[in-house]
Structure formats: C-alpha cells, structure tokens
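Engineer:
Protein chains: 2
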Amino acid sequence: MIAKQRPGGRTARTKSSVFEAVTALLTERCYGALNMTEIAERAGVAATSLYRRWGDVRVLILEVAVERLMQERPLPDTGSLAQDLQDWARSIAVSLASPEGSAFFQAFIAAALPTGSDVAARLDALKPRIAQIEAMLDRAAARGEAAPSVDDVVDMLLAPLYTRTLFGMPTDESVADRLVERLLGGGR
Amino acid sequence: MIAKQRPGGRTARTKSSVFEAVTALLTERCYGALNMTEIAERAGVAATSLYRRWGDVRVLILEVAVERLMQERPLPDTGSLAQDLQDWARSIAVSLASPEGSAFFQAFIAAALPTGSDVAARLDALKPRIAQIEAMLDRAAARGEAAPSVDDVVDMLLAPLYTRTLFGMPTDESVADRLVERLLGGGR
DNA sequence: TCCTTAATGCAAATATATTTGCATTAAGGT
DNA sequence: ACCTTAATGCAAATATATTTGCATTAAGGA
Chain B
1 MIAKQRPGGR TARTKSSVFE AVTALLTERC YGALNMTEIA ERAGVAATSL YRRWGDVRVL
61 ILEVAVERLM QERPLPDTGS LAQDLQDWAR SIAVSLASPE GSAFFQAFIA AALPTGSDVA
121 ARLDALKPRI AQIEAMLDRA AARGEAAPSV DDVVDMLLAP LYTRTLFGMP TDESVADRLV
181 ERLLGGGR
Chain C
1001 MIAKQRPGGR TARTKSSVFE AVTALLTERC YGALNMTEIA ERAGVAATSL YRRWGDVRVL
1061 ILEVAVERLM QERPLPDTGS LAQDLQDWAR SIAVSLASPE GSAFFQAFIA AALPTGSDVA
1121 ARLDALKPRI AQIEAMLDRA AARGEAAPSV DDVVDMLLAP LYTRTLFGMP TDESVADRLV
1181 ERLLGGGR
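Encoded structure:
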C-alpha cells in the first residue's frame, strides 16, 4: 500500500517548530505584526513550506490560536454549582488576564473575523466551553439544584469576560465573582 | 495668515467618497477582502492619496467603522428603567443583527485588534454607549428606582450582544428582552 | 534494505503592495 | 483677481508578499 500522507517525523517536527514560533511571536509582538517570513525564520523553516501548508498567515495563526484555546481546562467538580461556576469563571478570567491568554484570544478573533467563511469555525471554538457548561449544569440538575440555562451562562459569564478582554477592560477574579453572583440570582 | 491645512472643499469631498466606498465594500465583501487599491477605484480617487492620508487599510477602515459606531443612537426616555433598557437593548440588538451593523462591528474589532497601540481607541468606542447607560441610570436614580451599576449593564447587556455578534450567534429582540429581564433581577 | 513519493529547501519568477518624484489642481487667505 | 501651497493624480521606482520549478531529503511501506 502506498502512503497518501506523511504526518509523522519531519512533518510533525516542522509543524511543532512553526507553532512554537507563532506562539513566541504572539507573546512579544502584536497579531498584526506577524508575517510568514518572520515566522519561517524563527521556526528555522522555509517560508515556502508555510505557504504550501497554510497558504496564509491568518490561517496559520488561527490554527495555532484554536489549538491553544481548545485545550481542555480542568473542569471543577466541587459539589455545588455556585462553587463550580466560580472556580471555572475565575480560571478563565485569570487566563484571559495574562498577556499570553489575552494575546491568543485576541489573535483568534482578529484572525477569524476577516473571513466570512469562518463563522462556523468561530462557533466551533466555543464548543468545548459549552460542553463544560453543560457538564456542570447536568451535575447540578442531578443533585436537584436549580440551575440557569446554558445560554444564560454563556451570556452572563463568558460574554463579559470575552468582551472585557477585547476592549482592554480589567478582567480579574473579583470580576468573575461578581458575574457568578449576578448569574445565580444574587439579586440587585 | 497662511493656511496650515485645507479640510474643506476637495479634501472633504475625497474623504466622503472614500468613506462611502469603504461602507459599500464593507457591506458586500468581508473586511479581510478590502485593500487600498480597490477602495481607491471605487471612490474614484488615486490610491496614493489614501496611502498619504491614512497610511494603511486598517487605519482607514477603523476610522470609518468608528465614525459609524459613534453615531448617537436615540436614547429612550420612557419613564421606567426597565422600559428604557429594553428599548435600548432591542435597538442595539436589531442594529447588530443587520448585515451592515454586524459588518461594521466586526470590522471595527478586526481592525482595532491587530494593533496593540489601539487599546485606548477600543475603550473610547465604548464611551458613547457608557454615557447613554449613565444617563438612563441617573434618571432612574432621580425617580428613586433601584438600579444596577454601569458595569453590570455593560457586562449583562452590551457584552452578550457583542459576543453573540462576534461568534455568529443569533442576536434578536427576544435575546435582548431576556438579557434585560436577567439584569433587572427577574430571578431564576 | 530498497523504492516510491510526500514534504521540504532554495533560488528565481511573478504578483502585489507601498513609496517617491514631479506636475497639476484648487483651498483659503490677501 | 491673485498668490501660496496643501492636496491630489499619475507614472515610475521600490519594497514586500506569494508562487513556481526543480533538486534534495526523508517518511513509510514492501
């Protein structure tokens, strides 16, 4: 049988060094300042290879950002929904508040927006988070706890954290706490 | 006395035709598909002029998007905070749900993100909205109504609408209504 | 080990974006 | 009406980005 593709060995090595280069550059420069040539140099790879594999800087950066954002974060399981959501929101807030976290999230949005064809890709990126929300809510329901809807959690927790990151507003644990309290009906 | 600048006449005409061109292109193509040459052609202006005045497509598009987003929207004054907020959130939702509204908001984010130096500009763009929120809340306070904080309104109304727009999730009046109800402590 | 060929590197060719020099137009003041 | 010069247009020059052709390397299977 004849191999159609060769994802192992050198190919994998190239990819990982390219991803590392993008990651490094993204933490020091701003998204808009990256170009294929620079990434190729940093990765020690020919720029032509990058063009052949990804075609476009935005595509490459998007792929790197997605891989990073898709990484599963620990899903809290404390026994109470309030505590689960607080831990979860805090960890996201902390992550987004860090220079790298902020850079990757911004890079993701900046790389995904210019292409209308990526609407689906944008939603896909939310999937892992939504799955986590569902897991937490399901457990709460199993315990008989009253719980908000998935949409509410997206709107009241994720959305503010994301928006704050995009607009450069402070995003820390106290913000996360306030959002959770708001969501769970702490009243006025 | 000698004129340092000449903002009137031809200059103003050029600017307005360029802005119109960007607006038109932004509603038919996607942000990433615009370039100086195309804009110049559509506007009937030399591309060199655009380079001299704006230097970069992103800068130009950002300026157009900001001008549009900064346009004051009618500020509701119905006599009750709940109704004010509902009207206000609905009008924003409707605006963001329209192809042009969505395109301009996305263009603004996409153009502002790649430059780290524009963090302040991003926040500035929120100012008019925040001023409106303050106006509504102040009136509510004057009437003796209980009211949330400005931050809460930003987090619970603006953030969800913006995030939904960025991720391609539905954004309509019923969503706006749900958010307002949530914000005003409708409970679980 | 050997063979096929996917993946890469390199240099040159091409395309595209941006700048520059200079002539022309027309604000805006006298 | 006239003068100065900011703003523009146009063509050429330059820079940068992207593609292409071909040789080389090394997966991955036999």
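Chain order of the listed sequences is B and C.
Taking this note's numbering, the leading residue of the first sequence gets 1, the next gets one more, and so forth.
Taking this note's numbering, the leading residue of the second sequence gets 1001, the next gets one more, and so forth.
We put the CB at the ideal spot given by N, CA and C, even for glycine.
Are the segment 115-127 of chain B and the segment 159-176 of chain B touching by the rule of at least three beta carbon pairs closer than 8 Å?
Structural biologist: No, the segment 115-127 of chain B does not touch the segment 159-176 of chain B.
Engineer: In this structure, does DSSP put A1046 (chain C) in helix, strand or coil?
Structural biologist: DSSP places A1046 (chain C) in coil when its eight states are reduced to three.
Engineer: Leaving aside the five residues before and after E72 (chain B) along the sequence, list all residues of the same chain whose C-beta is less than 7 Å from its C-beta, in chain order.
Structural biologist: Contacts found: P128.
Engineer: Of all the CB atoms in chain B, is at least one closer than 7 Å to the CB of D1138 (chain C)?
Structural biologist: Not an interface residue.
Engineer: Distance, Cα to Cα, A33 (chain B) vs A65 (chain B)?
Structural biologist: Each residue's Cα considered, the two are about 16 Å apart.
Engineer: Secondary structure at G1101 (chain C), three-state DSSP: helix, strand or coil?
Structural biologist: Three-state DSSP puts G1101 (chain C) in a helix.
Engineer: Going along the chain, which residues of its own chain have a beta-carbon closer than 7 Å to the beta-carbon of A1093 (chain C), five neighbours each way excluded?
Structural biologist: So the list reads L1161, T1171, D1172, E1173, V1175 and A1176, once near-sequence residues are dropped.
Engineer: Please tell me whether D155 (chain B) has its Cβ less than 7 Å away from any Cβ of chain C.
Structural biologist: Chain C contact via Cβ: present.
Engineer: Can the beta-carbon of V1018 (chain C) be found closer than 7 Å to that of A1043 (chain C)?
Structural biologist: Yes, they are a contact pair.
Engineer: With a 10 Å radius around its C-beta and 16 neighbouring C-beta atoms as the bar for buried, classify T115 (chain B) as buried or exposed.
Structural biologist: The residue in question, T115 (chain B), is buried, as its Cβ has 16 or more Cβ neighbours within 10 Å.
Engineer: Quick one, which of B:R6, B:T11, B:D152 and B:G9 has its alpha-carbon nearest L85 (chain B)'s?
Structural biologist: Considering only alpha carbons, the answer is B:D152.
Engineer: Identify the continuous alpha helix (DSSP H) that holds E1145 (chain C) and give its terminal residues.
Structural biologist: Segment: none, E1145 (chain C) is in no alpha helix (DSSP H) and carries neither H nor E.
Engineer: Does the beta carbon of R68 (chain B) come closer than 7 Å to any beta carbon on chain C?
Structural biologist: Not one chain C Cβ lies under 7 Å of R68 (chain B).
Engineer: In angstroms, rounded to a whole number, what distance separates the CA positions of L26 (chain B) and V57 (chain B)?
Structural biologist: Cα-Cα distance, rounded: 12 Å.
Engineer: Where R1182 (chain C) and V150 (chain B) are concerned, what is the direct C-alpha to C-alpha distance, given to the nearest angstrom?
Structural biologist: Distance between the alpha carbons of R1182 (chain C) and V150 (chain B) is about 14 Å.
Engineer: Please list, in chain order, the chain C residues whose beta carbon lies closer than 7 Å to that of I92 (chain B).
Structural biologist: Within 7 Å Cβ-Cβ: nothing; I92 (chain B) doesn't reach chain C, min ~13 Å.
Engineer: Going by C-alpha to C-alpha distance, which of B:M156, B:A159, B:A146 and B:D118 sits closest to C1030 (chain C)?
Structural biologist: C1030 (chain C) has its Cα closest to that of B:D118, out of B:M156, B:A159, B:A146 and B:D118.
Engineer: Measuring CA to CA, which of B:R10, B:T11, B:E38 and B:G9 is closest to T195 (chain B)?
Structural biologist: For residue 195 (chain B) there is no data in the structure shown, the boundaries of chain B being 1 and 188.
Engineer: Using 10 angstroms around the beta-carbon of R197 (chain B), count the other beta-carbons present and answer buried if the total reaches 16, otherwise exposed.
Structural biologist: Past the boundaries of the shown model lies residue 197 (chain B); chain B is included only from 1 to 188, so the question cannot be answered.
Engineer: Rounding to the nearest angstrom, what Cα-Cα distance links V1180 (chain C) and P1076 (chain C) in this structure?
Structural biologist: Whole-angstrom Cα-Cα distance: 14 Å.
Engineer: If we define contact as Cβ-Cβ less than 7 Å, is V1150 (chain C) a contact residue for chain B?
Structural biologist: Chain B contact via Cβ: absent.
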